[in-house]
Structures are given as structure tokens and as C-alpha cells.
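Trainee: Before we start, here is the structure in question, set down as C-alpha cells.
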Amino acid sequence: METLKFKTNIKCGGCVATVTPFLNGDENVENWAVDLESADRVLKVETSHSPEEIQQLIKKAGYVAEKIA
1 METLKFKTNI
11 KCGGCVATVT
21 PFLNGDENVE
31 NWAVDLESAD
41 RVLKVETSHS
51 PEEIQQLIKK
61 AGYVAEKIA
């Protein structure tokens, strides 16, 4: 497992609720959280997925995730 970080356009609790089934429903996602206080709305994901696979999951939920270091 590795912790990946993404800049997102997830802005509020309602947005978090929208992406929750996509991330919680994936067996390769161990843990995740969105920092709604951060200007970049940073999503941290503990996963065995590649960054591209997480970006696709977020895209399916209707949001954008951009990998950050």
C-alpha cells in the first residue's frame, strides 16, 4: 500500500458523499480522506492502485483529481 495525494475539486461534505461509494467500494482502497480546509482540497488515498486508476475512480464520480507530490 502506498499513500497517494491529489488536488481535487471536491468542495464540500456533499461532494465527499458523492465520491464515497466509489472509493469505499473499491477493494484496493484501504483508507482515504479529503482535506476540505486546504485550498487544494487534498485527497489522500492509501491504495495499491496507480495514481491513474484513482484519477479514473474520481472521474467516474464526476470530479477531477490531479496527482501531487
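Numbering (the UniProt record's numbering), first residue to last: 1 to 69. Glycine residues also receive a C-beta, built at the ideal position from the N, C-alpha and C atoms.
1) Using only CA atoms, which one of Val45, Glu53, Glu27, Ala61 lies nearest to Gly14?
2) Just the Cα atoms here: how many angstroms apart are Leu52 and Leu4?
3) Reducing DSSP to helix, strand and coil, say where Glu37 ends up.
4) Under three-state DSSP, which class holds Asn24?
5) How long is the line joining the alpha carbons of Ile58 and Val64, rounded to whole angstroms?
Mentor: In short:
1) Ala61
2) The sequence given here places Glu at residue 52; Leu does not occur at that position. Distance between the alpha carbons of Glu52 and Leu4 is about 11 Å.
3) coil
4) helix
5) 6 Å
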